[in-house]
Every structure is written in C-alpha cells, then in structure tokens.
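What follows is one structure encoded as structure tokens, with my remarks underneath.
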Amino acid sequence: MNHFEPRGGQLFCEEVALEEIAREVGTPVYIYSSATLARHYQVFRQALDGEPALAGALIAFAVKANSNLSVLASLARLGAGADTVSEGEIRRALSAGIGPAKIIFSGVGKTAREIAFAIAAGVRQINIESEPELALVAELAEAAGARPSIAIRVNPEVGAGGHAKITTGAVESKFGVSLAEAERLYASAAASPHLDARGLACHIGSQITDLAPLAAAYDRLRGLTLRLRQLGLPVEALDLGGGLGAPYFNSPDPPAPAALAALAARAVEGLDVEVSFEPGRVIAANAGVLIARVLHVHARPDGRRFLVLDGAMNDLMRPALYDSFHDIRPLSPRPGPVRDYDVVGPVCETGDTFARARPLPPLEGGDLVAFMTAGAYGAVMASEYNSRPLVPEVLVSGSSWSLVRGRPSYEEMLARDRLAPWLSAGSITPT
Ligand SMILES: Cc1ncc(COP(=O)(O)O)c(C=O)c1O
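All residue numbers for the sequence shown refer to the working numbering, where the first residue is 549 and numbers rise by one.
The following block contains the structure:
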C-alpha cells in the first residue's frame, strides 16, 4: 500500500498534489512519501515482532536503495538501523541520526580507509566478504587498538532476484565466501585477538518474489551455524539480508514481510541468536515516484509514437540497466482512447528508453507523468550524464513538503570541474 492516489482527477502524494511540487521545483523531480516509508517500515517491524524468535531484530535499511538524509532520518526516528556499503553511506547514516550500534558495513571491496573509518566509528558489525579482507580488518583493528565485531558473509550458492544483475547469492556472483571457506575463515577470525567473530551474514538477491531460494539459503546458514558451534565457535548473530521484492505491476506480487518473517523464524528456531535484516527496496520503492514532463509527442509515419520526456536514463537508470518496468501514470489523465507509446528521454543513447509500446491515455506536450515505484534504486543511481543537472528530491509529510536535495545550477555543476593550469581561463577564447 502507498500514499500516491488520484483525487479529483489529479495524482496526490498524501495531502499534496504532485502537480504543485512539479510546478514549484520543476521537472524531473523525485517525490517521496513519509507516510509510505513509515507504513512499510512498520509492516516489516510488526512482521518480525510477531515471531518470538525475531522480536527486537534489527531492521538495517539498505542505504544503497535510497540514501537521502531526510529519508534516512525518517527511518531512523522509527528505530531503523542502516546497512551500508561505503564510507559515504556510513557517514550518511550517522548524519541522519542512526547510531553506530545499528550500522552494518557490507561490500566486497572495502578500502583500508573505509575499514579504518568504520572501526573508529564503532559500527555494529563489519561483514567480511573474502580472506584478504579478513586479514586487512584484523590488521587495521590491531593498529587502532580496537576489536570490531565481524560477520562472515556466506554465498550460499542459491541465486534469487528479479534480474541476473541483481542476483547476489549465485555461485558465479562476486559476493561472500563459500560455505566451506566460511567455516575456515570463521575459525581464523575467532582465533584473532583483534576481532570479535560474532556471526554470519547472507543476502542472495533483490526483487525476490518467491521465498523458496531464501528458504534454501537460510537452511544452509542454519546448518553452518550448527557446524561452527559443534567446533566450539560462538555464533551469536545472523544477518539474514534483504531482498524482498516490491510490486512493480508487471511481476507476481511479492510475498508479504510476514511470510518472510515466518520463514526466518523457522530458520533460527532454537538457535538463540541476535537477528538482523537489510531490506531496502521493500521499504522505499513504493514510497517514491519520479515526475517528468512531456516535451512532445513524436508521431512517425510508420505509426510509432514516441513520448519524449524531460526525464531520462540519467535520472532513473533502472529500465536501461535492468530492463525494469515502472508503471507510468499521467498526473491529470485526459479522457480519450488509450494508445501505445514508446516512452523515451532526451539523452543521446538508444538505451534511454523507459518503455516500448506502453498503452497510455492521450498525452500532449506539457503534461506531467509519474514513474511509480521509483523510491528505491532511483535517485541514488542518478548522474549528470549529458551534463544534465542532478535530479532533485522532495519529501512529503501530510500537507507539508520540503526540497530535500536541490537541483544544482549550471554554474554549480561547471564549478566542480577545474581547468588545467595550461588551459587557464584567460587562455580560452571562444572560436
Ligand atoms: C548486502 C546487501 N544487503 C541488502 C541489500 C538490499 O536489498 P533489497 O533492496 O532488495 O532489499 C542488498 C542489495 O543488493 C545487498 O547487496
């Protein structure tokens, strides 16, 4: 459920007409709903708290899905932690008021600087993804005179997710270590005086709509936990990852958080472990839309009809990157026959195509459209490709709204570049 609904022929976010924001901020623009973020977080929370084995489990929001400080601060106030994959994300989580004890640091390629930063910040847990990384964390911990908590990220060799590029648990994917290697690394971490080997982690993919692969992965994690304990090694924490899908309208409805919680509860039954989850998409996707304006309709003699928007692949990359589907809705639909449009942006790439032959009501230059379910993996992936200023973000709460990331001016965009000394300003004469 989300709080983007038509009212009196116009699309609203909570109590605000999206058109009002588009008029004042300009387009393209991302708009997030606080009530939807809160609702999704609470549904997840209640699902976990409904299972005694998971009551109080940490929900570490995957910052990669949406890292806007106001989004993170909204979730922090509800009690969320953060799953982070870079120093920048740790800094964002801390700035948003998420305490270090609720921050997990994951990722296959952490730099020494990033690890040292995480250790100094005192994050809850560093998820180790390889043997060289384990050695580096131990070395940096010793240098810092600290004893960080670590978990070994296991690749359970079970792939899942809506697209090959968002599958992380398959044998060929770069994430984590095999079950056998995990056993060896865990023993080595537990033997290190510089590390507090606390647990295991796993995340097998994103946009999961079928729980069977997760059940298999959790089963393997449980088996490994029992084997490690038989070896006398303490396993106190299990990080069960994220991955639950969001409804994008073109795929089966994903399972509810309660179904995931029931599965997880069975997996940890009797283990007496501290559990954490790292959901991103299921919390943020439906809590955001991207609004773009129609520049014009380009009708070709062959019957093809291009809907050319001012929003492009640099603002919302998912269709170009993952062939992903976003429902597209006019903000104020006109009456008339539905026709097929190829929905494209102005970027100089054929890949800048949001949809082919998408049935839509009549649209004209100047109309506004919303890309639904764009709150996760949307603005975070935006770039300035084609020298298009970074897309702004707005957060709505009831009848209030606020610009939570502004659109840079062209001057600001250009000011980030520097002319090499031998090309100094005075030496450039327009030709
Ligand atoms: C380690 C890790 N945790 C959490 C997530 C969040 O996944 P999702 O947004 O599908 O819940 C990802 C995404 O790939 C991930 O790699």
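We put the beta carbon where it would ideally sit given N, CA and C, even for glycine.
DSSP places Arg964 outside both helix and strand once states are collapsed to three, so it counts as coil. When distances are taken from the beta-carbon of Pro969 to the heavy atoms of ligand 1, even the shortest one reaches 7 Å or more.
In the three-state scheme derived from DSSP, where H, G and I count as helix and E and B as strand, Ser799 is classed as coil. Around the beta carbon of Phe902, a 10 Å sphere encloses 16 or more other beta carbons of the protein chains shown; the residue is thus reported as buried. Boundaries of the alpha helix (DSSP H) around Ala666: 660 to 669.
Taken from the Cβ of Val944, every heavy atom of ligand 1 lies 7 Å or farther away. A straight-line Cα-Cα distance of about 13 Å links Leu943 and Ile839. Of Ala649, Asp915, Ile569, the smallest CA-CA separation from Val842 is found for Asp915. Between the beta-carbon of Ala785 and that of Ala728 there is about 21 Å, and that puts the pair past the 8 Å contact cut. Looking at the DSSP output, Tyr889 bridges to Arg906.
Closest option to Ala649, judged by alpha-carbon separation, among Arg593, Thr575, Gly657, Ala668: Ala668. For Pro800 and Leu971, the gap between their C-alpha atoms comes out near 56 Å. Secondary structure at Tyr925: coil, using DSSP grouped into helix, strand and coil. Residue state for Ser582 is assigned as helix, using DSSP reduced to three classes. Distance from the Cα of Gly645 is smallest, within the candidate group Leu623, Thr659, Arg661, for Leu623.
By the beta-carbon neighbour count (other beta carbons within 10 angstroms, threshold 16), His751 is buried. For Ala749 against Asn675, the beta-carbon gap comes to about 5 Å, under 8 Å, which counts as contact. Look at the beta carbons and you see the segment 553 to 560 not touching the segment 805 to 818: under three pairs across the two are nearer than 8 Å. Remark: the shortest separation between the CB of Arg882 and any heavy atom of ligand 1 does not fall under 7 Å. Along the segment 599 to 668, the beta strand (DSSP E) occurs as fully enclosed runs of 3 or more residues at 606 to 610, 629 to 632, 651 to 653, listed in sequence order.
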